Amino acid sequence: MRNGTRTMIGLLLCTAGAVFSQASGAQTTAPRLTLGDGGYYESAGVNWLVFSNWYDGLFADSKISGVELIQQGARTATNGDVRLSSTPGQWDAIGRLVERKVDPKTGVIEASLEYPEHQFRYTIRAEPRGDALRVTVALPQALPAALEGKAGFNLEFLPTAYFRKSYMADDRAGIFPLYPASTMMLTAERNPASGRSDGPGAEPLPLATGKSFVLAPEDPARRVSVRTSEGTIQLFDGRDQAQNGWFVLRSLLPSGRTGNVLEWTVEAAAAPGWLRPPVIGHSQLGYAPAEKKVATIELDRGDRRRLAPRLLRLSASGAAVPVSVGPAKAWGDYLRYRYLTFDFSNVRTPGLYQLEYGDTRTAPFRIGDALYDDAWHPTLDVYFPIAMDHMFVNEAYRVWHGEPHRDDARQAPVNHEHIDLYRQGPTTDTKFKPGEHIPGLNVGGWLDAGDFDIRTQTQYAVIRSMVESWERFRPARDTTAIDQERRRVEIHVPDGAPDLLQQIRHGTLQLVAQFDAVGHAIHGIVEPDVGQYTHLGDASTKTDGLVYDPKLKPGEQKNGRSGTPDDRWAFTSRASALNYGSAAALAAASRALKGFDDSLAARCLDIAERVWKEEHSHAPNTFRHGNTTGGPLEAEELAAAVELLAATRKSVYAERVQALWPTIEKSFTRDAATAVAALPHMPASYRAALEPAVRAWAAESDKIAKANPYGVPITTGGWAGGGTVLDYGLATYALHKAFPEIVKPDAVFRALAFIHGNHPGSDISFVSGVGTQSKEVAYGNNRADFSFIAGGVVPGVLILKPDFPENKEDWPFLWGENEYVVTEGAAYIQLVNAARDLLRNR
């Protein structure tokens with residue numbers, strides 16, 4: 021038996037050796053790696069990007085930079101760069117990109133970077149060598165002593181791409197672990213990536229060490245070889261530090277040397293003749309009979325076939341019967357693909373349908389009159405209740421979370437830049453000292469996104485969106501029992517009150533609490549450290565729920581107080597933009613809550629008017645940081661003026677809207693929906709002033725419709741643009757209702773089709789649980805379980821520069837693509853109801 025085992029290992033080693041030889045260029049028929057016009061390296065089925073993308077300031081590590089690999093249509097490796105840890109995480113230090121140079125003649129790409137705090141500079145140089153890429157690290161000066169044994173060149177590989185696959189380290193075989201189980205060693209310092217705020221430091225030991233690695237030798241679609249010219253390469257499992265970690269290949273930089281100090285040769289198995297399978301972009305939800313129906317067929321640019329797409333109608337027997345429609349039309353090239361559009365708008369018969377192009381066939385979708393009637397239900401019924409902070413949330417047998425954050429909140433320290441774009445200025449702007457408990461903040465509000473903070477700017481945006489939905493559409497749906505006194509929520513249990521009004525009240529309670537507690541709007545309430553911030557699962561386990569008392573020892577509890585300083589921090593520097601934004605939401609809420617909660621409605625309006633008067637009694641407070649201190653001041657003031665005007669009809673607000681118009685006109689695209697909301701309460705001259713701007717908006721919208729095959733604005737930042745598409749649809753609806761002779765409503769349906777699956781890269785619906793195939797692995801608080809929350813809306817398609825659209829369906833931790841955000845949930849409810857309204861009135 022032992023001899024048989026030895027023979028089998030020998031066969032494996034011989035096979036791996038042959039694979040490595042083949043991957044290293046011994047097979048002369050394989051395509052060569054060349055530098056393409058996009059500024060990245062290409063061969064058949066393989067792209068190597070070298071600093072085509074860079075972190076955009078939201079977080080240090082968004083897994084979109086350095087040397088990156090796209091193999092057979094999937095990005096499987098990233099962050100090829102010099103790092104100071106074997107398994108760096110989201111808050112670990114990264115080098116600062118100084119300069120990137122591309123030489124088309126030689127095919128060389130060079131990136132110069134630095135760690136300024138260590139006075140450490142380096143250059144990463146990439147050049148093709150046959151089928152392989154040679155990557156070198158050069159140092160103008162020797163490695164600083166403080167970085168010896170820390171600085172190394174890392175290349176990170178997506179775990180899900182290598183689950184159930186093998187690797188070879190020199191002559192030793194291994195299997196990638198499905199779940200992390202590395203041997204750990206104690207360290208003097210705790211890694212910021214660890215997600216722990218307590219206990220000792222710990223680092224994983226390598227899974228394997230060698231001069232050469234072959235990953236997935238058995239799978240040509242994932243086979244990658246890496247070898248070093250000197251020293252060794254180590255393989256680490258970053259998930260031992262944090263659930264969002266990747267597999268990491270790493271070589272330490274040598275000390276005491278300059279010039280080229282490290283050289284790797286990396287090669288991904290090419291696939292001559294490989295073509296990416298077609299993607300048929302379409303709405304997974306389906307289409308109303310009266311709306312325009314256009315599918316978008318995304319093709320590899322090398323795919324020169326001229327196939328005829330088909331629309332199939334499914335019968336009860338399962339037969340797929342072709343439906344007669346016109347031919348597809350060539351749209352042209354966009355990003356890295358070629359596109360056809362297939363218009364089947366003339367098909368109005370209700371039923372089940374599929375689209376087919378060659379061997380690609382979509383999941384079934386509906387054509388029917390009522391499909392928008394319930395598309396928004398999961399978002400209101402499930403997603404928003406689960407997002408409610410300070411509440412126990414139960415769904416039948418399942419507790420989504422206990423009551424979190426009963427101990428909110430402590431005053432944040434001054435002159436402190438925090439995680440998640442929060443910062444406290446030089447004073448508290450409150451009566452509270454740094455670290456002191458601020459009573460009354462432990463009520464209402466929604467957990468911001470896939471994390472657990474209350475971001476005020478998010479709260480007031482959601483309230484205004486929900487009020488707009490209530491006032492325009494009056495959705496009286498009641499399937500959730502919300503008991504504010506008991507702080508308890510029961511999903512799928514009616515309680516006799518419209519759920520939307522109860523959600524408006526819940527968000528409003530948090531804004532009112534802020535003004536009651538400190539007298540003005542605050543940036544928000546956020547975890548005091550990375551360990552809490554990275555918490556996954558039940559939010560009620562993040563803190564002990566007891567107000568911190570510095571007189572007690574850590575862990576000691578007495579008289580309802582605790583010596584554990586786990587209470588969240590409130591960031592309170594005054595910002596007029598936040599005050600105006602909150603006043604706008606409170607004024608709007610006062611209208612919606614009237615007749616439902618008259619006492620709260622009156623308080624909302626009183627605070628909103630008081631804030632308006634107070635803000636106009638002094639120069640604005642212009643404290644700004646990140647995305648937590650409000651939008652542009654003039655936009656927030658306009659919102660407050662418009663909502664107060666609608667709530668009171670007072671001339672002072674109409675006059676201010678009129679005075680702000682010359683400024684707002686310059687940013688009309690951003691503020692269009694707010695500007696036209698004032699029309700019913702403004703003189704005719706205001707409408708006349710708006711009309712040229714509306715016509716300009718309509719002309720720009722026509723350009724947007726022609727700029728890409730999907731007819732909506734597609735952004736290219738580090739956060740995908742689903743929110744932008746929703747806003748575009750909502751602006752279209754608002755302008756069409758106000759100026760129907762100028763603005764057509766078509767973009768409302770194009771925006772929804774985009775969100776539901778008609779977008780680059782895939783045909784998945786970006787609303788979990790809505791549509792036949794939707795996001796089932798997303799960045800919610802249950803992301804570590806590779807699961808989803810029904811009704812949550814993810815950002816969607818991230819465009820990795822220069823031309824790669826991505827939304828991973830097997831890796832939830834890429835927040836820029838897959839993180840639920842409550843603002844987008846509220847906008848989705850609003851846009852689906854807008855579509856219903858348009859269809860009813862056609």
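Those letters in the sequence shown? Residues 21 to 862, per our numbering, in order.
The beta-carbon is built from N, C-alpha and C at its ideal position, and this holds for glycine as well.
Values in this document were obtained by computation on a predicted structure and should not be read as measured data.
inquiry  = By alpha-carbon positions, which one of Leu331, Leu334, Thr156 and Gly221 ends up nearest to Val281?
reply    = The residue labelled residue 281 in the question sits at position 261 within the sequence shown. With distances taken between Cα atoms, Val281 lies closest to Thr156.
key: Beta-carbon contacts of Thr207 that lie in its chain and below 8 Å, excluding the five residues immediately before and after   = As a working mapping, residue 207 is identified with position 187 in the sequence shown. Closer than 8 Å at Cβ, skipping near neighbours: Pro220, Gly221, Ala222 and Glu223.
Residues of its chain near Lys313, where Cβ-Cβ distance is below 6 Å and the 5 sequence neighbours each way are ignored = To locate residue 313, count along the sequence shown from 1; it is residue 293. So the qualifying residues of the chain are Tyr307, Phe364 and Ser365.
request  = Compare the Cα-Cα distances from Glu456 to each of Trp632, Asp569 and Val87 and report the closest residue.
outcome  = Translated into the one-based positions of the sequence shown, residue 456 becomes position 436. Out of Trp632, Asp569 and Val87, Asp569 has the C-alpha closest to the C-alpha of Glu456.
query = If you count every other CB in all the chains shown that lies within 10 Å of the CB of Gly465, and 16 or more means buried, which is it?
reply = Taking the first residue of the sequence shown as 1, we reach residue 465 at position 445. Buried, by the Cβ-count rule.
inquiry  = Which residues does DSSP list as the beta-bridge partners of Arg256?
reply    = Numbered from its first residue, the sequence shown carries residue 256 at position 236. Checking the displayed sequence, the identity of residue 256 turns out to be Phe instead of Arg. DSSP output for Phe256 lists Val268 as bridge partner(s).
key: Thr450, DSSP secondary structure in three states   = For the purposes of this step, residue 450 is taken as residue 430 along the sequence shown, with counting starting at 1. Coil at Thr450, not helix or strand.
query = When the Cα of Trp589 is compared with those of Phe472, Pro733, Asp783 and Arg676, which residue comes out closest?
reply = For the purposes of this step, residue 589 is identified with residue 569 of the sequence shown, where counting begins at 1. Cα-wise, what sits closest to Trp589 is Phe472.
key: Whole beta strand (DSSP E) elements within the region 589-654, 3-residue minimum   = 589-591
task = For Gln91, count neighbouring C-beta atoms within 10 Å of its own C-beta (all shown protein chains included) and say buried if the count is 16 or more, exposed if not.
result = Position 71 of the sequence shown holds residue 91. So Gln91 counts as buried.
query = Just the Cα atoms here: how many angstroms apart are Val768 and Ala846?
reply = Here residue 768 corresponds to residue number 748 of the sequence shown, with the count starting at 1. Here residue 846 corresponds to residue number 826 of the sequence shown, with the count starting at 1. Roughly 15 Å separates the two Cα atoms.
ask   = From Thr694 to Ser610, what distance separates their C-alpha atoms?
value = Within the sequence shown, numbered from 1, the residue matching residue 694 stands at position 674. Within the sequence shown, numbered from 1, the residue matching residue 610 stands at position 590. Distance between the alpha carbons of Thr694 and Ser610: 17 Å.
query = How close, in whole Å, do the beta carbons of Phe412 and Gln304 come, if the pair is a contact with beta carbons under 8 Å?
reply = Numbered from 1 along the sequence shown, position 392 holds the residue referred to as residue 412. Numbered from 1 along the sequence shown, position 284 holds the residue referred to as residue 304. At roughly 33 Å, the Cβ-Cβ gap does not stay under 8 Å, so Phe412 and Gln304 are not in contact.
ask   = Is the Cβ-Cβ distance between Ile784 and Glu829 less than 8 Å?
value = Mapped onto the sequence shown, residue 784 falls at position 764. Mapped onto the sequence shown, residue 829 falls at position 809. Cβ distance < 8 Å, so Ile784 and Glu829 count as in contact.
request  = Report the three-state DSSP secondary structure of Leu18 (helix, strand or coil).
outcome  = Since the displayed the chain opens at 21 and closes at 862, residue 18 lies outside it and no answer follows.
key: Beta-bridge partners of Asp503, as assigned by DSSP   = Reading the sequence shown from its first residue, position 483 is the one you call residue 503. Answer is Arg508, bridged to Asp503.
ask   = If you draw a straight line from the C-alpha of Phe535 to the C-alpha of Val567, how long is it?
value = Locating residue 535 in the sequence shown gives position 515, where the first residue counts as 1. Locating residue 567 in the sequence shown gives position 547, where the first residue counts as 1. Each residue's alpha carbon lies about 20 Å from the other.
key: Every unbroken alpha helix (DSSP H) within the region 150-218, with a cutoff of 4 residues, ordered by chain   = 179-182
Separation of Pro274 from Leu235, as counted between CA atoms = Start at 1 with the first residue of the sequence shown, and residue 235 comes out as number 215. Start at 1 with the first residue of the sequence shown, and residue 274 comes out as number 254. Between Leu235 and Pro274, the C-alpha separation is close to 25 Å.
inquiry  = Helix, strand or coil, according to DSSP, for Val419 in the structure here?
reply    = Residue 419 sits at position 399 when you count from the first residue of the sequence shown. Strand, per DSSP.
task = Go through the region 473-561 residue by residue and report every complete run of the alpha helix (DSSP H) that reaches 4 residues or more, in order.
result = 476-493, 519-538 and 550-553
ask   = Are Leu606 and Thr668 touching if we call contact CB-CB under 8 Å?
value = Here the question's residue 606 lines up with position 586 in the sequence shown. Here the question's residue 668 lines up with position 648 in the sequence shown. No.
task = With DSSP collapsed to three states, give me the class of Glu839.
result = Taking the first residue of the sequence shown as position 1, residue 839 is located at position 819. Correct three-state label for Glu839: strand.
request  = Using DSSP bridges, identify the partner residues of Arg430.
outcome  = Here residue 430 refers to the residue found at position 410 of the sequence shown. Arg430 pairs with His457 and Trp589.
query = Using the rule of at least 16 other Cβ atoms within 10 Å of the residue's Cβ for burial, across every protein chain shown, is Gln139 buried or exposed?
reply = By one-based count along the sequence shown, residue 139 stands at place 119. Exposed, because fewer than 16 other Cβ atoms sit within 10 Å of the Cβ of Gln139.
inquiry  = Can you check which of these residues, Ile542, Leu520, Leu521 and Asp519, is closest to Gln530 by C-alpha distance?
reply    = Within the sequence shown, the letter at position 510 stands for residue 530. Cα-wise, what sits closest to Gln530 is Ile542.
task = Rank Phe759, Gly470 and Thr285 by C-alpha distance to the C-alpha of Ala798 and give the top, closest one.
result = What you label residue 798 is simply residue 778 of the sequence shown in a count that begins at 1. Answer by Cα proximity: Gly470.
query = What number of angstroms, rounded off, separates the C-alpha of Thr806 from the C-alpha of Thr143?
reply = Reading the sequence shown from its first residue, position 786 is the one you call residue 806. Reading the sequence shown from its first residue, position 123 is the one you call residue 143. The question names Thr, but residue 806 is Phe in the sequence shown. Near 37 Å, if we compare the C-alpha coordinates of Thr143 and Phe806.
message = Contact between the region 810-823 and the region 383-401 is defined here as three or more beta-carbon pairs at a separation below 8 Å; is this criterion met?
response = yes
message = For Pro224, report the span of its beta strand (DSSP E) as first-last.
response = In the sequence shown, counting from the first residue as 1, residue 224 sits at position 204. From DSSP, the beta strand (DSSP E) with Pro224 extends over Gly221 to Pro224.
query = CA-CA distance, Phe256 and Gly516?
reply = Position 236 of the sequence shown, counted from the first residue, corresponds to residue 256. Position 496 of the sequence shown, counted from the first residue, corresponds to residue 516. Between Phe256 and Gly516, the C-alpha separation is close to 55 Å.
task = Quick one: using the 10 Å Cβ neighbour count with 16 as the cut-off for buried, is Thr48 buried or exposed?
result = Translated into positions along the sequence shown, residue 48 becomes position 28. At Thr48 the pLDDT is 40, less than 50, meaning the model places this residue with poor confidence and gives no usable figure here.
request  = For Met702, count neighbouring Cβ atoms within 10 angstroms of its own Cβ and tell me buried if that reaches 16, exposed if not.
outcome  = In the sequence shown, the residue the question calls residue 702 occupies position 682. Buried, by the Cβ-count rule.
ask   = Under the three-state reduction of DSSP, which class applies to Tyr753: helix, strand or coil?
value = The residue labelled residue 753 in the question sits at position 733 within the sequence shown. Tyr753: helix per DSSP, three-state reduction.
task = Could you name each continuous beta strand (DSSP E) segment of 3 residues or more that falls completely within the region 302-353, going from the start of the chain to the end?
result = 314-320, 330-334 and 340-343
ask   = So, do the region 313-322 and the region 292-301 have three or more beta carbon pairs nearer to each other than 8 Å?
value = yes
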